[in-house]
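Everything below concerns the one structure shown next.
2 protein chains.
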Amino acid sequence: MAEQDLRFLGELAAQLRVDSVRAAAAAGSGHPTSSMSAADLMAVLLAHHVRYDFEDPGNPANDHLIFSKGHASPLLYSLFKAVGVITDDELLSFRKRGSRLEGHPTPRLPWVDVATGSLGQGLPVGVGVAMAGRLERGPYRVWVLCGDSELAEGSIWEAAEQAGDTGLDNLTLIVDVNRLGQRGPTRHGWDTGAYARRFGAFGWHTIEVDGHDPGRIHEALEQARDTRGRPVAILAATRKGAGVRAVEDREGKHGKPLKEPDVAVAELGGRRDLRVTVRRPERWAEPRRFEGGELVLPEYKVGDQVATRSAYGEALAALGAARGDVVALDGEVADSTKAEEFAHAFPERFFELYIAEQQLVAAAMGMATRGWVPYAATFAAFLTRAYDFIRMAGVSRSPIRLVGSHAGVSIGEDGPSQMGLEDLAMMRAVYDSTVLYPCDANQAAALTVEMADLAGVSYLRTTRGATPVIHPPGERFPVGGSCVLRRSTSDRATVVAAGITVHEALAAADTLAAGGVRVGVLDMYSVKPIDKAVLVEAATTTGNLITVEDHRPEGGLGDAVLDAVCELGPRVVKLAVQNMPGSATPQEQLADARVDRHAIVAAVERLI
Amino acid sequence: MAEQDLRFLGELAAQLRVDSVRAAAAAGSGHPTSSMSAADLMAVLLAHHVRYDFEDPGNPANDHLIFSKGHASPLLYSLFKAVGVITDDELLSFRKRGSRLEGHPTPRLPWVDVATGSLGQGLPVGVGVAMAGRLERGPYRVWVLCGDSELAEGSIWEAAEQAGDTGLDNLTLIVDVNRLGQRGPTRHGWDTGAYARRFGAFGWHTIEVDGHDPGRIHEALEQARDTRGRPVAILAATRKGAGVRAVEDREGKHGKPLKEPDVAVAELGGRRDLRVTVRRPERWAEPRRFEGGELVLPEYKVGDQVATRSAYGEALAALGAARGDVVALDGEVADSTKAEEFAHAFPERFFELYIAEQQLVAAAMGMATRGWVPYAATFAAFLTRAYDFIRMAGVSRSPIRLVGSHAGVSIGEDGPSQMGLEDLAMMRAVYDSTVLYPCDANQAAALTVEMADLAGVSYLRTTRGATPVIHPPGERFPVGGSCVLRRSTSDRATVVAAGITVHEALAAADTLAAGGVRVGVLDMYSVKPIDKAVLVEAATTTGNLITVEDHRPEGGLGDAVLDAVCELGPRVVKLAVQNMPGSATPQEQLADARVDRHAIVAAVERLI
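Here the protein sequences come in this chain order: A and B.
The numbering of the first sequence is the working numbering, which starts it at 15 and goes up by one.
The numbering of the second sequence is the working numbering, which starts it at 15 and goes up by one.
Written out as structure tokens, the structure reads:
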């Protein structure tokens, strides 16, 4: 690299440090020292390696730059200033109310793919973007900046395995090994070899480099670009707070603005106003997409016994035929979730992530940033493994579709480890989420299709065992709706059910009717958003509601119903799984948990 | 090894296979083929290496045997039969209602430490047991059996890093590399070298072995026992369903009983009734424990401004001085959670798990099995990373104490990635959990102590910023209780708050009182169990409740209150965080989320 280029890079890195210090000083908080360590790395990357049209963030040929160490946001925003897409004034709005420049980056900024700040997430999401790149034969590269502390997260190694095993050579990880975590020294300090051995064992090409030497950094990035068949990890030894003696490589300086920012800026050579011209990507005709066609949903005959998970699998395959943008992701249980129907039909658009649920969800997020429509499925219970990713997908407003099978005690003999009993609570609490829980095969198939065009995180809960088909083929089930299955003017109460308990509620209603007691039955297939109008009507007419769910009493259907009617004040009895189940048959489990037909009858009799 | 010993081991392994086949056949479900692959490994381990007094499972010198591949429960139960602690009749009760022999093992069996069945958990928990072994200078060893599929879980690599870096040579991992997962071939098939390279890179000693050769297995286990300074991973190539041609090394045979069990039993040489005598451990005087003393809680003056997280740290240090069995675990944020107070005072009992929340919770579970009283703390938001472990701790009834700091939007500028907004929903849904949320420093200190003697999973939610001390030192806060902060006979409504919103509620009550409107204020520091009596009284007297929480509307305080009073039918208005926060000051955040004093005043005015 020419002397003048090196000089420019040195100046640019100094500017990035200065602006990081200034932004944090203006905010009175933030992470300048974590930004300063990576300034040289990002200066070289931006000026010589990234291909990005900052005038058109939607250009499909643009590279992707993901700050997995989201707390280095001052550095990221300083980069945005250096390329001219934000002003110095906006830079100084960092962390202030209303500013797009939040404490940790979010996609409110058009150049940010996903929200980061929960460590260990950017790399797995980057793997998802790189998977999409391979699928669509994209010319773009994915660059991920990680801190060294976050390499302790298991999700990093799920990503390392996925990327290494599938040879994602469009992915480059840059690790800012600044030796100091939030609390003190990291486990491996500056032993970049320790990290290199680990990534190497997972099949990556690794490069150890001085993270403050622009020439070496440039060579490493060139080598990364030229490496074929393997992802590359650049392990860069750096100094936290590099460039300012008061903070450089010192403990206790994490996540704080510098005490004397003006002195620091002077030490760094003062303010600069360099502009970087980032190379635009080559023109790329079109991302590869797959052909679609007419949607021909499977149809199930009323009265047949079909598991909702089976209907999900068949509907997903039908959707895959109709829409070329649908992809399916599996946590090595596709034979159980029935996503294998899709795998057989569209092997190119099916992704096996093995038993790595964090990477499963992150891959969906990554592919969604590229416009794919991902459906990721595993057991409902095991989605708990990825809750932090799902939470952050909510922050990102990432349009991902999650499917949890084997919900509730009704799975039977396998016991509590396999039962999704907290999933409704978990998914409902996610920002702007949609939570759907079909009771029969036609409903499950229709809701599978409904999910395709939803914004944000959506969730479909399916049941292991076969349940009777009660809704005819062709019936519509809009999100936010419900089905009135029983209603009469003489109803003494209304039973509100979803999924498997709908069938228990119908049986209970029949038993009660035989004894002269009429009750209404609602099928609340849309748990969030919930059909408030129909619940309010039931609350004001019968005045007595019984909710019944194959889920813990906290945060599920019952709470959703209460939330909808609480300002009216009807009497509500909640039936839910209070016990710790062991092994038993499905019907024994429902009875032991007191969410079966007999429990419903007893609750109605007690209430009226 | 002598010929006759080898012959016995072959017979024993055959018996374990036969009994696994029989148990699954009797149940009509289960995982016999996953049991059969590991039968030789477990036969050798049990007959020659494990030290365990089966007549006294509470003997502190006993080894620990953890089936991380919990679905191999037929094999585990066949082992228990072979040592004579369960009968053949009980073996055949496998997976039947009421049987202790559940589909996946749980601590209902006295020889089982923790529930497994969610893959990738047994090893991290085993690491926790081994950490306890080192702390108490125990003579016992920890043996963990993993499947190969579950090595895809990131939690395995969190465990590998923790054990490798700290050189836990009392831990041996045995991996049953049977090449076939649930759905089909694993990523690495029989390439035991791929796994060996990975564990080796993380600092483990590794041994590759034929998992059906008892002599070689014995040598490997001896080598594991003799290895100093490093944990050992034995990577054993095996055949799923080994011993029965109809299923051996065949796809599509996972998780199903054999079609012709009698033929299979005959092929395996028929039923046997061998008994194994497991060597008892040497006598060991006493686990090392630390001295305790008097409990001297920190005291905070009413009116002072103190963060509840600070009070947690100081109280934990005080508790550590009073009780030698208390240990603290950190996810590399002890300076934020304030667990560093304990770290300074009791470095031997403080464990840094770095940013690996799954291993953090698993280590707590492992240490709890040894009688330690663990407190594990990180940001409330990041506990979502470990939700599957927390859920399984509930299944295990594991007495672990979790502490989540930086709850809610009130953290301010850092933005949504750092805000615990789903933690109450997540923690409340866990079986038999306790959820505590103090509003001031004296309450936080007292609740920290209350947690020490709780069964099951307990959770303390703390706040980042300083809040006024309103409860005098010495006040008691029993779990399940609450504090009536404002009450009069002329109350028009009752505001139900917890944590930071208590102060907003008091301010709102003052504002309203100035305008002639009296409202009650309840401090619900115990979110689960909740003080139903006081809520019922408020519901029946004022008839109007306003709940206000710094949490999502789903599954938190508001839902807990509704659950308590829903059968009475008062009118309830829930105030909670509906928006997606950005960066802003704490008070701006509370206002934007409409959970501040002004929002409460407006809600009261609307309601009455």
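Ideal Cβ placement from N, Cα and C applies to all residues, glycine included.
The structure displayed is predicted, hence computed values, not measured ones.
Own chain partners of residue i with C-beta closer than 6 angstroms, once the 5 adjacent residues on each side are dropped
| i | result |
| --- | --- |
| V141(A) | A173, Q176, A177 |
| A27(A) | A53, D54, A57 |
| W125(A) | P71 |
| I484(B) | D454 |
| D77(A) | V64, R65, Y66, Y154, R155 |
| P543(A) | G494 |
| G98(B) | R289 |
| A96(A) | V290 |
Residue i: contacting residues in chain A (beta-carbon distance under 9 angstroms)
| i | result |
| --- | --- |
| E133(B) | Note on identity: in this sequence residue 133(B) is Leu, with Glu being the wrong assignment. Result: I369, F396. |
| M440(B) | T398, Y401, E436, A439, M440, A443, G569 |
| H358(B) | Neighbours of H358(B) on chain A: none; closest Cβ ~12 angstroms, over 9 angstroms. |
| W125(B) | Per Cβ cutoff of 9 angstroms: no residues; W125(B) is ~17 angstroms from chain A at best. |
Amino acids of chain B, ordered along the chain, whose beta-carbon sits closer than 8 angstroms to that of residue i
| i | result |
| --- | --- |
| P567(A) | D577 |
| E175(A) | A166, R201 |
| G534(A) | Per Cβ cutoff of 8 angstroms: no residues; G534(A) is ~18 angstroms from chain B at best. |
Close Cβ partners of residue i (< 7 angstroms) along its chain, the five nearest in sequence each way excluded
| i | result |
| --- | --- |
| V261(A) | T47, G255, K267, L272 |
| E366(A) | D344, E346 |
| D179(B) | G217 |
| H232(A) | M15, V58, H62 |
Interface partners of residue i on chain B, CB under 7 angstroms
| i | result |
| --- | --- |
| P584(A) | G583 |
| G84(A) | S431 |
| S169(A) | G168 |
8 angstroms Cβ cut-off: residues of chain A touching residue i
| i | result |
| --- | --- |
| A407(B) | The premise fails here: A407(B) is roughly 12 angstroms from chain A at the closest Cβ pair, so nothing lies under 8 angstroms. |
| D573(B) | E568, G569, D573, L576, D577 |
| R111(B) | G596, S597, A598, T599, E602, D606 |
Beta-carbon neighbours of residue i, restricted to chain A and to distances below 7 angstroms
| i | result |
| --- | --- |
| T347(B) | Note on identity: in this sequence residue 347(B) is Val, with Thr being the wrong assignment. Within 7 angstroms Cβ-Cβ: Q196, R197. |
| G338(B) | Those do not exist, as G338(B) stays about 25 angstroms from chain A at its closest Cβ, beyond 7 angstroms. |
Contacts of residue i in chain D (Cβ-Cβ under 7 angstroms)
| i | result |
| --- | --- |
| F216(A) | The displayed structure is made up of protein chains A and B, and chain D is not among them. |
Near the ligand MN: residue i beta-carbon under 7 angstroms from a heavy atom
| i | result |
| --- | --- |
| V541(B) | As for the ligand MN, it is missing from this structure, which has no ligand bound. |
- Message: Residues of the segment 586–619 of chain A in Cβ contact with chain B at a cutoff of 8 angstroms, in chain order, please.
- Response: V586, V587, K588, M594, G596, S597, A598, T599, E602, D606
- Message: For the segment 304–316 of chain A against the segment 430–449 of chain A, do three or more pairs of beta-carbon atoms, one drawn from each stretch, fall closer than 8 angstroms, so that the two count as touching?
- Response: no
- Query: Within the chosen definition, does the segment 558–571 of chain A reach the segment 555–573 of chain B through at least 3 CB pairs nearer than 8 angstroms?
  - Reply: yes
- Going along the chain, which residues of the segment 369–381 of chain A sit with their C-beta nearer than 7 angstroms to a C-beta in chain B? So the list reads I369, A370, Q372, given in the order they occur along the chain.
- Query: Should the segment 183–194 of chain B be regarded as contacting the segment 245–258 of chain B, the criterion being three or more beta carbon pairs within less than 8 angstroms?
  - Reply: yes
- Going along the segment 178–207 of chain B in order, which residues come within less than 7 angstroms of chain A, judged by CB to CB distance? Legend: CB atoms of the segment 178–207 of chain B lying less than 7 angstroms from CB atoms of chain A belong to residues D179, G195, Q196, R197, R201.
- Item | Complete runs of the alpha helix (DSSP H) confined to the segment 428–458 of chain B [at least 4 residues] | 437–442
- Message: Counting only Cβ-Cβ distances shorter than 7 angstroms, please list the residues of the segment 468–497 of chain A near chain B, keeping chain order.
- Response: none
- Item | Members of the segment 249–272 of chain B near chain A, C-beta cut-off 7 angstroms | Residues passing the 7 angstroms Cβ filter: none.
- Query: For the segment 154–162 of chain B against the segment 59–73 of chain B, are there 3 or more C-beta pairs whose distance is under 8 angstroms?
  - Reply: With the cut-off at 8 angstroms, the segment 154–162 of chain B and the segment 59–73 of chain B touch.
- Positions along the segment 415–430 of chain B whose CB lies within less than 7 angstroms of some CB in chain A: E427, D428, G429, P430
- Item | Segment contact flag, the segment 373–381 of chain A with the segment 363–382 of chain B, C-beta cutoff 8 angstroms, min 3 pairs | no
- Message: For the structure I just gave you, are there three or more beta carbon pairs, one from the segment 515–529 of chain A and one from the segment 328–347 of chain A, closer than 8 angstroms?
- Response: no
- Item | Residues of the segment 128–162 of chain A whose Cβ lies closer than 8 angstroms to any Cβ of chain B, in chain order | Here the close residues are A129, T130, G131, S132, L133, G134.
- Query: In chain order, which beta strand (DSSP E) runs of at least 3 residues are fully inside the segment 550–577 of chain A?
  - Reply: 558–562
- Against chain A: residues of the segment 274–301 of chain B by CB proximity under 9 angstroms: none
- Using Cβ-Cβ distances below 7 angstroms, what residues of the segment 26–55 of chain A are close to chain B? A41, S43
- Message: Against chain B, which members of the segment 234–248 of chain A pass a CB distance test of less than 8 angstroms?
- Response: none
- Continuous alpha helix (DSSP H) assignments of at least 4 residues falling wholly in the segment 338–425 of chain A: 348–351, 354–359, 371–383, 401–410
- Complete beta strand (DSSP E) runs within the segment 174–238 of chain A (minimum length 3 residues, chain order): 185–191, 219–224
- Message: Does the contact criterion of 3 or more C-beta pairs under 8 angstroms hold for the segment 101–108 of chain B versus the segment 37–45 of chain B?
- Response: yes
- Query: With a cut-off of 8 angstroms, do at least 3 Cβ pairs link the segment 190–198 of chain A to the segment 190–200 of chain B?
  - Reply: no
- Item | Cβ pair count under 8 angstroms reaching 3, the segment 468–482 of chain A against the segment 396–409 of chain A | yes
- Three or more C-beta pairs closer than 8 angstroms, one from the segment 594–612 of chain A and one from the segment 419–434 of chain A: is that the case here? yes
- Query: Can you find at least 3 beta carbon pairs, one from the segment 382–397 of chain B and one from the segment 528–546 of chain B, that sit closer than 8 angstroms?
  - Reply: no
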